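Chains A, B and C are the protein sequences, given in the same order. Using the numbering used here, read the first sequence as starting at 14 and increasing by one per residue. Using the numbering used here, read the second sequence as starting at 255 and increasing by one per residue. Using the numbering used here, read the third sequence as starting at 369 and increasing by one per residue. Beta carbons: idealized from backbone N, C-alpha and C, even for Gly. Keep in mind it's a predicted model, so treat the numbers as computed, not measured.
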Amino acid sequence: MTADAAALDILLAVLLVFLVWRLLTLSDLFKATILFIVFGLLLSLAWVRLRAPDVALAEAAIGSGVTGALVLDALRRLGAHGAVDEARPLRLNLARLSGGLLVACLGAILLWSVLSLPAGWRGLSAEAMAAMPHSGVTNPVTASLLNFRSHDTLLEIAVLMLAVLGVWTLDAEPKPSAEPAGPILDLLVRILLPLMVVVAGYLLWAGGHAPGGAFQGAAVLAAGGILLHLARPFYLGNHVIIRLVIGFGFAVFLAIGVMLVVGGGRFLEFPSRHAGTLILVVEAAATISIALILLALFVGNVREGAGRDAP
Amino acid sequence: MTGFMMFMAATVLASVALGLCRVLLGPTRADAMLAAQLLGTGAVAVLLLLSHATARSHLADVALVVALLASVVSVAFVRRLKPVGGHNGGA
Amino acid sequence: MAVLDWLSMALVGAGTLFFIAGSIGLLRLPDVMTRLHALTKADNVGLGLIVLGLSLQTSGPMEVVRLLLVWALALLTSSCACYLVAHATLQARRETGHDS
Numbered sequence: 014m015t016a017d018a019a020a021l022d023i024l025l026a027v028l029l030v031f032l033v034w035r036l037l038t039l040s041d042l043f044k045a046t047i048l049f050i051v052f053g054l055l056l057s058l059a060w061v062r063l064r065a066p067d068v069a070l071a072e073a074a075i076g077s078g079v080t081g082a083l084v085l086d087a088l089r090r091l092g093a094h095g096a097v098d099e100a101r102p103l104r105l106n107l108a109r110l111s112g113g114l115l116v117a118c119l120g121a122i123l124l125w126s127v128l129s130l131p132a133g134w135r136g137l138s139a140e141a142m143a144a145m146p147h148s149g150v151t152n153p154v155t156a157s158l159l160n161f162r163s164h165d166t167l168l169e170i171a172v173l174m175l176a177v178l179g180v181w182t183l184d185a186e187p188k189p190s191a192e193p194a195g196p197i198l199d200l201l202v203r204i205l206l207p208l209m210v211v212v213a214g215y216l217l218w219a220g221g222h223a224p225g226g227a228f229q230g231a232a233v234l235a236a237g238g239i240l241l242h243l244a245r246p247f248y249l250g251n252h253v254i255i256r257l258v259i260g261f262g263f264a265v266f267l268a269i270g271v272m273l274v275v276g277g278g279r280f281l282e283f284p285s286r287h288a289g290t291l292i293l294v295v296e297a298a299a300t301i302s303i304a305l306i307l308l309a310l311f312v313g314n315v316r317e318g319a320g321r322d323a324p
Numbered sequence: 255m256t257g258f259m260m261f262m263a264a265t266v267l268a269s270v271a272l273g274l275c276r277v278l279l280g281p282t283r284a285d286a287m288l289a290a291q292l293l294g295t296g297a298v299a300v301l302l303l304l305s306h307a308t309a310r311s312h313l314a315d316v317a318l319v320v321a322l323l324a325s326v327v328s329v330a331f332v333r334r335l336k337p338v339g340g341h342n343g344g345a
Numbered sequence: 369m370a371v372l373d374w375l376s377m378a379l380v381g382a383g384t385l386f387f388i389a390g391s392i393g394l395l396r397l398p399d400v401m402t403r404l405h406a407l408t409k410a411d412n413v414g415l416g417l418i419v420l421g422l423s424l425q426t427s428g429p430m431e432v433v434r435l436l437l438v439w440a441l442a443l444l445t446s447s448c449a450c451y452l453v454a455h456a457t458l459q460a461r462r463e464t465g466h467d468s
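Structure below.
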C-alpha cells in the first residue's frame, strides 16, 4: 500500500472513531443526528477501502436515503423537550445496564464461536469461489446472498416485514400539517424521482455481475418514495393492496423454494441451469417489497392531519 | 498518477472533515446541515478519485447513488424541523 | 498522452483547492447565508473540475457520461438543497422576528 492510501485510511479511521465518540456524548440531539448521518457516509467510504463495494453501496443508499430522513423525523417527534437529552452524557441506569449486559453476552458468544473455530481454518471463500460457476451469477456477493445462503436472506425479508407490523401497531403520532412544497422542491422531486426509479432498476440488474442488488435498488426506490412523501405527504396505511405488495417478495421467494422441493430438489437449492433466472425473479420481487417496506417504515400509519392537533 | 489521485482524495476528505467543526460550532441547525451537505459532495469527489486511483469503475456507481440521494436528508430537514435555534425548533 | 496527464492533474488539483476553499469558507464566514455561498463553490466548481480532470483519463465514452451525470446530479441537488435551507432560514427569521 502506498503512503497516500495509508494516509487516507488512517484519516478515515480517526474520523470514524471521533464521530462515534461525539455523537454518543453530545447533549444536542440534532447535532448528534447530523453526525450520525455523516458517520454513515464515511462508513461507506470505509467499506470501499475494505474492498466491499456492495456493502458500501448498501450503506450509502440506506444511510443517506432512508435512515437519514428517519432519524430527522424521529427528532421532530421527540418535540421541543426531547431535542436536548438531559441524560447525556450517558449515565448508567438499570435499563442501560441490562442492555449493556445483553450486548456483552452476545459479544462473548460471538467471540467464543470465533475462538472455537479449528486452528488454521481459512473460511468458506475458497468453497464459495469454487461453486461460482453453478451460482447463475458472476458477482460473488449476490451468489452468496441469493444462492449459497438464501435461507438467511429469506428470513431477513421476514424481519423487515415484522418491523412494518411494529410501526403500524405503535405509530400514533400526528403528522405535521402539509405546507405546499414550493416550486424548487417540486422541480427537485420531478427530476429526481424518475432518475431514482431508473437507478434502482440499474442496481438490481447490475447485481448479477457487479456491486448492486435487491437491497441497494430497494433503498434507492424507497428514498424516492420518501422524497415524494416529504414534498407531498400521502397516506400509505395498511390497505390490503399495500399488505400484498409488502408480502410479495417473501411469498415469491418462499414459493420458488417450495416449488423446488415439489420438483424433487431441496428447499431453495437452485438448479444451476436456471439459477440466474430464478435469482433475478426473486431479486425483482424482493426489490419491490423491500422498497415499500422501507417507505412504510417512514410514512407510518396515521393519516395526514389526524391525531391530537387535528384542526 | 494513481498516487496523486489518492493524495487528492485524502486532501478532499481532510478538508470537508474540517468543515464538520461547523456541526459542533453551530450556531443554527442550518449551519450543521450545510456541513453535512459539503461532506456529501466531498464523499462523491473522494469516491470518483478512488474509482480512478484503484481502477475500479464500479465505485462511480457508489458516487452516483450518493449524489442522487444527497438531497433527501436536506429535504427531510427543511420539511420536518425548523432551521433556526438549537433547542426549541423540534415541534 | 503526457500532456493529457498534466492537464488532468492540474484540473483535479484545482478542484481540490475549491473544496479546501469551501471548507475554510464554511468555518470562517460570518452567517448562514454567506456560508451557503462558500458551500456552492465547492459543490459546483470543485466537483466539476475533478470530474473534468478524471474525464480525460477514462477508457470509454460511457464512463465520461457517468461522470458527467454524477456532476449534473450534484449541481441539481446541491443548488436545490441550498435554496431550501436558505428559504427555510429566512422564513424562520421572519416568524421569530430576528432580522440579523
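Cβ of B:A330 less than 8 Å from any chain C Cβ?
no
Taking C-beta pairs closer than 8 Å, name the residues in chain A that B:H306 reaches, listed in chain order.
Residues of chain A passing the Cβ test: none, with the nearest at roughly 13 Å.
For A:D41, which of helix, strand or coil comes out of DSSP?
strand
Taking 8 Å as the cut-off, does the segment 376-384 of chain C touch the segment 324-333 of chain B (at least 3 CB pairs, one atom from each stretch)?
no
Determine the extent of the alpha helix (DSSP H) in which B:G296 is found, giving its start and end residues.
283-307
Using a Cβ-Cβ cutoff of less than 6 Å, which residues in the same chain neighbour B:R333 once the five nearest sequence positions on both sides are dropped?
Its chain contains no residue whose beta carbon lies nearer than 6 Å to that of B:R333 once the 5 sequence neighbours on both sides are disregarded.
Which of helix, strand or coil DSSP assigns to A:E140:
Here A:E140 sits in helix by DSSP.
Please list the partners that B:R276 has in chain C, where partner means a Cβ-to-Cβ separation under 8 Å.
L394, L395, R403
At what residue ranges does the segment 212-246 of chain A contain a whole run of the alpha helix (DSSP H), taking only runs of 4 or more?
If we require 4 residues or more, the alpha helix (DSSP H) runs fully inside the segment 212-246 of chain A come out as 227-244.
Rounded C-alpha distance that separates B:T295 from A:V51
Their backbone Cα atoms lie some 11 Å apart in a straight line.
Same chain, Cβ closer than 8 Å to B:L279, neighbours up to 5 away in sequence not counted:
Taken in chain order, the residues that qualify are D285.
Taking A:P131 as part of the alpha helix (DSSP H), name the residues at either end of that continuous run.
No alpha helix (DSSP H) contains A:P131, which DSSP labels as neither H nor E.
Quick check on A:F280: buried or exposed, where buried means 16 or more other Cβ atoms within 10 Å of its Cβ?
By the 10 Å Cβ count, A:F280 comes out exposed.
With a threshold of 8 Å, are at least 3 pairs of Cβ atoms found where one atom belongs to the segment 27-39 of chain A and the other to the segment 61-81 of chain A?
no
Using the C-alpha atoms, what's the distance from A:L293 back to A:A223?
14 Å
Taking just the CA atoms, how far does C:A449 sit from A:L105?
40 Å
By the 9 Å beta-carbon criterion, what residues does the segment 190-215 of chain A contribute toward chain C?
G195, I197, L198, L200, L201, I204, L205, L208
Any C-beta of chain A sitting closer than 8 Å to the C-beta of B:G294?
yes
Looking at the unbroken alpha helix (DSSP H) that takes in C:Q459, where does it start and where does it end?
429-464
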